[in-house]
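Shown next, in structure tokens, is the structure this report addresses.
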Amino acid sequence: VPSTEKMAHKLILLLCSALPSAFAGRLEYRFGQQRDMLLIATRLLREKMNPLFLSADRFLVCRESDSGALVGFGQIRQLAKSNAADPARFDAPPGSGDVGQPADDDAWDDFDRAYAASAPESGLDALLPWSARYRELAQRAAVQRERRRSRVSQAAPLWELASVYVGEQWRGRGVGSELVRRLCAWHVQRGGARRDLYLITLEPTCGWYEGLGFSRVERQDLPPQMGLEVAAGEAVSWVLGNRLVCMRGTGGAGEKVR
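Per my numbering, residue 10 is the first one in the sequence shown, and the count goes up by one each step.
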């Protein structure tokens with residue numbers, strides 16, 4: 010027969026498992042405000058996360074409705090204009106990380122084909138500015154320059170899901186998952202794409218992010234814009250004794266922010 014103490018312990022565990030729904034009405038999610046930033050920076054510093062270059066308009070904040078106490082937060086920040094080759098759009102070598110390189114290769118291939126198709130035995134007239142072949146090749150080069158400019162300018166910006174934090178007493182209650190889902194939905198509503206969204210985390214939390222629509226990215230496939238983030242994160246991960254993992258959005262979580 011179980012003791013009264015064990016029964017009480019089981020009852021507490023059952024009550025704790027029901028806490029997410031019980032507390033759901035007491036939480037409110039809103040966009041960050043300037044008055045939030047000092048507390049956010051303090052919490053990030055305490056968790057050994059980057060407390061620098063914070064902007065309120067990038068954050069989503071969760072607070073208790075009654076007390077206003079901070080429960081959790083997260084942000085999506087733009088890294089840079091992306092020149093990263095997306096395998097879904099460009100036939101770029103893995104890890105090339107550069108839309109310009111495939112565009113340059115295409116231009117040279119076109120130029121070589123045009124030269125070979127019209128080249129006489131000597132081929133020297135292509136070097137003379139007054140020759141018809143020189144003018145023809147110059148026109149093709151101008152067309153390829155414009156194509157390259159258009160192709161590179163269409164590269165989408167890259168974004169990072171970062172600074173995801175939930176207070177210790179609220180962990181395990183679905184707050185972090187809700188923050189990530191709402192941030193991703195906000196990103197999509199603003200015209201972003203999940204494939205443009207990256208994050209850096211530690212090995213133990215990979216499974217959690219995978220459940221929210223992210224997958225691992227090998228180092229050689231990372232865009233250059235993530236280089237500094239990875240370098241900074243590796244120093245912290247070494248101190249914490251965990252391996253750093255980079256991840257990328259794969260789709261889903263497109264519901265509207267309430």
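Where a beta carbon is used, it is the ideal one built from N, C-alpha and C, also for glycine.
Just so we're clear, the structure is a prediction, and the values are computed from it rather than from any experiment.
Point to revise | Identity of the residue in Gln234, Asn251 and Ala240 nearest Leu88 by Cα | key: Gln234
* Asked: Using the rule of at least 16 other Cβ atoms within 10 Å of the residue's Cβ for burial, across every protein chain shown, is Arg154 buried or exposed?
  -> exposed
TODO: Tell me, to the nearest whole angstrom, how far the beta carbon of Arg191 is from that of Leu79; I am working on the premise that it is less than 8 Å.
DONE: Contact doesn't hold; Cβ gap of about 16 Å is too wide.
Using a Cβ-Cβ cut-off of 8 Å (strictly less than) and excluding sequence neighbours within five positions of Ser172, which residues of its own chain qualify?
Ile49, Leu53, Met58, Asn59, Leu63, Phe68, Phe82, Gly83 and Gln84
Could you check the C-alpha separation between Gln319 and Cys255 for me, to the nearest Å? This structure leaves residue 319 out entirely; the chain is present only between 10 and 267.
- request: Report back the beta-carbon spacing between Leu188 and His196 to the nearest angstrom; my notes put them in contact at under 8 Å.
  value: Actually they do not touch by this definition, with Cβ atoms about 13 Å apart.
* **Pairwise C-alpha distance: Leu221 and Leu237** => The alpha-carbon atoms of Leu237 and Leu221 are separated by roughly 25 Å.
(message) My output table needs one value for Asp78: the three-state DSSP class, helix, strand or coil.
(response) One point to set straight first is that residue 78 is Ala, not Asp, in the sequence displayed. Coil at Ala78, not helix or strand.
- Could you give the residue range of the beta strand (DSSP E) that holds Ser224? Phe223 to Arg225
Practice item. Could you check which residue in Leu47, Asp66, Gly41 and Arg72 has the C-alpha nearest to that of Val184? Key: Arg72
Taking the straight line between their C-alpha atoms, what separation do you get for Pro138 and Arg144?
7 Å
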